[in-house]
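This report refers to the structure that appears directly beneath it.
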Amino acid sequence: MNYEPKDITIIGGGPAGLFALFYAGMRGASAQVVDALPEPGGQLAALYPEKFIFDVAGFPRVLAKDLVKSLAEQAAQFGQPVHLNQRVTGLEKDGDQFVLVTENGRFASRAIVIAAGIGAFSPRRLPQQCATPWYNRGIYDVVTDPEAYRGRRVVIIGGGDSAFDWGTQLLDRAERVSIVHRSDRFRAHDATVQQFRAAVEDGRADLFVFHELQDIMCRASDDRFSHIMLKDVKAKTSTEVEADVVLPMLGFVSDMGAINEWGLNIAKDEITVNSLMETGREGIYACGDVTTYPGKLKLIAQGFGEAATAVNQAVHWIYPEKKVAPGHSSNMAIFGQKDD
Ligand SMILES: Cc1cc2nc3c(=O)[nH]c(=O)nc-3n(C[C@H](O)[C@H](O)[C@H](O)COP(=O)(O)OP(=O)(O)OC[C@H]3O[C@@H](n4cnc5c(N)ncnc54)[C@H](O)[C@@H]3O)c2cc1C
């Protein structure tokens with residue numbers, strides 16, 4: 103499908119990309135976001151929607167999913183589209199336009215802002231074949247609504263921050279929470295590990311170290327499983343555990359894919375940009391976690407500033423008569439204020 107041409111196409115609907123979309127609207131440029139994921143928000147929505155963030159200016163603390171909601175609302179003021187489930191697979195040139203190619207569409211624009219973060223990512227799946235048929239039928243690799251696990255017997259597989267964060271957060275909701283990990287070393291914040299260990303000592307949770315998933319069994323019906331079998335990787339023994347839900351928290355695999363082939367200054371999945379957020383290819387700018395330069399910090403706050411720079415530069419490049427400096431939003435007619 104060919105989508106309506108725009109001034110700017112933004113690759114990535116994470117915080118940097120959503121703010122870039124707002125900024126383009128504020129500058130009077132038409133724009134669109136394309137993102138591989140089924141919902142906007144990038145890492146915040148996919149990796150830690152229920153965690154509080156404490157270092158975004160103006161918010162003493164904000165839930166990641168609430169920050170995404172506010173960013174989407176801010177961008178939506180200008181009615182510009184966010185195209186989801188669109189993984190970028192190629193880039194073509196058609197006269198003075200770029201054409202971004204995805205698995206399902208073609209998006210033409212004069213300039214491109216790459217806000218692709220760590221690349222298109224997807225959760226690492228359980229390697230055991232017995233798990234495959236149960237994905238989205240009891241095995242879920244992203245927790246979007248913790249309330250869905252109220253009263254359930256939840257088994258989390260993994261030993262990192264996500265495993266222990268969700269392990270502790272589900273303690274008061276789930277009937278029982280177990281964490282299963284292949285070793286006794288965890289890549290998680292010590293305080294959270296201690297909190298979970300305390301729940302184990304109180305008899306409210308279980309921690310299986312040196313264990314891995316061996317099998318999934320259903321007793322009552324073919325639609326739902328009721329037990330899983332765990333294997334002790336040292337003793338080679340098996341333990342049966344009651345379970346309604348398995349949450350694999352094995353990290354994510356990410357991939358910059360086609361972006362690597364566009365002639366940008368790119369190494370180790372990072373695009374080197376200058377202080378104008380230029381990528382080395384005319385008309386293509388970048389912002390957010392995907393960029394690198396001396397002093398770069400991979401933080402949301404920094405991504406916002408970079409998004410503003412990238413869009414202001416792109417607008418000036420497309421329309422040289424428009425200034426780079428946007429002026430103050432507090433004086434803009436576009437927001438119903440008195441223009442300077
Ligand atoms: C657990 C955790 C906690 C964190 N806590 C904080 C914190 O407290 N404070 C803070 O400042 N930062 C924090 N961060 C870091 C913060 O989340 C990142 O800096 C931020 O998400 C970067 O935003 P971004 O928009 O650049 O990229 P991302 O959020 O990574 O979004 C990039 C988007 O681009 C899309 N994309 C990539 N490649 C393609 C492609 N080829 N086609 C289509 N779409 C594509 C992806 O699907 C994704 O949606 C945390 C990160 C994690 C993992």
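In terms of my numbering, the numbers along the sequence shown are unbroken and rise by one, the last being 442.
Every residue gets a Cβ at the ideal spot worked out from N, C-alpha and C, and that includes glycine.
Fair warning: this is a prediction, and the values are worked out from it, not measured in the lab.
### Query
Just the Cα atoms here: how many angstroms apart are Q176 and F121?
Locating residue 176 in the sequence shown gives position 74, counting from the first residue. Locating residue 121 in the sequence shown gives position 19, counting from the first residue. About 8 Å.
### Query
Is A211 helix, strand or coil by DSSP?
Position 109 of the sequence shown holds residue 211. Ala is not the amino acid found at residue 211; the sequence shown has Ser there. S211 sits in a strand when the DSSP states are folded into three classes.
### Query
So, using beta-carbon positions, are A290 and D263 closer together than 8 Å?
Position 188 of the sequence shown, counted from the start, is the residue given in the question as residue 290. Position 161 of the sequence shown, counted from the start, is the residue given in the question as residue 263. Yes, these two residues count as a Cβ contact at 8 Å.
### Query
Apart from the five residues just before and just after C320, which ones in its own chain have a Cβ nearer than 7 Å to its Cβ?
Counted from its first residue, the sequence shown places residue 320 at position 218. Once the five neighbours on either side are set aside, the close Cβ partners of C320 are R326, F327 and S328.
#### Entry: Spatially closest choice to P229 from D109, L169 and G260, by CA coordinates
Locating residue 229 in the sequence shown gives position 127, where the first residue counts as 1. It is G260.
### Query
For ligand 1, any of its heavy atoms closer than 7 Å to the Cβ of K398?
Translated into the one-based positions of the sequence shown, residue 398 becomes position 296. For K398, the CB stays at least 7 Å from every heavy atom of ligand 1.
### Beta-carbon contacts of F266 that lie in its chain and below 6 Å, excluding the five residues immediately before and after
By 1-based counting over the sequence shown, the position of residue 266 is 164. The answer, listed in chain order, is A290, T294, V295 and F298.
### Query
In three-state DSSP terms, what is L352?
Counting from one through the sequence shown, the residue named residue 352 turns up at place 250. Looking at L352 - three-state DSSP - the assignment turns out to be coil, as it is neither helix nor strand.
### Query
Relative to ligand 1, is the shortest distance from any of its heavy atoms to the C-beta of I241 smaller than 7 Å?
Position 139 of the sequence shown, counted from the first residue, corresponds to residue 241. I241: no, Cβ never under 7 Å from ligand 1.
### Task
Could you tell me if the beta carbon of A293 falls within a distance shorter than 7 Å of some heavy atom in ligand 1?
Taking the first residue of the sequence shown as 1, we reach residue 293 at position 191. Incorrect: A293 has no Cβ contact closer than 7 Å to ligand 1.
#### Entry: Beta-bridge partners of V136, as assigned by DSSP
Within the sequence shown, the letter at position 34 stands for residue 136. I113 and H185.
### Task
May I have a chain-ordered list of the alpha helix (DSSP H) segments no shorter than 4 residues that lie completely inside the segment 271-354?
292-303
### Residues near P350 by beta carbon distance below 6 Å, same chain, minus five either side
One-based indexing of the sequence shown puts residue 350 at position 248. Once the five neighbours on either side are set aside, the close Cβ partners of P350 are L228, D243 and I259.
### Query
Relative to ligand 1, is the shortest distance from any of its heavy atoms to the C-beta of I258 smaller than 7 Å?
Counted from its first residue, the sequence shown places residue 258 at position 156. For ligand 1, not one heavy atom lies less than 7 Å from the Cβ of I258.
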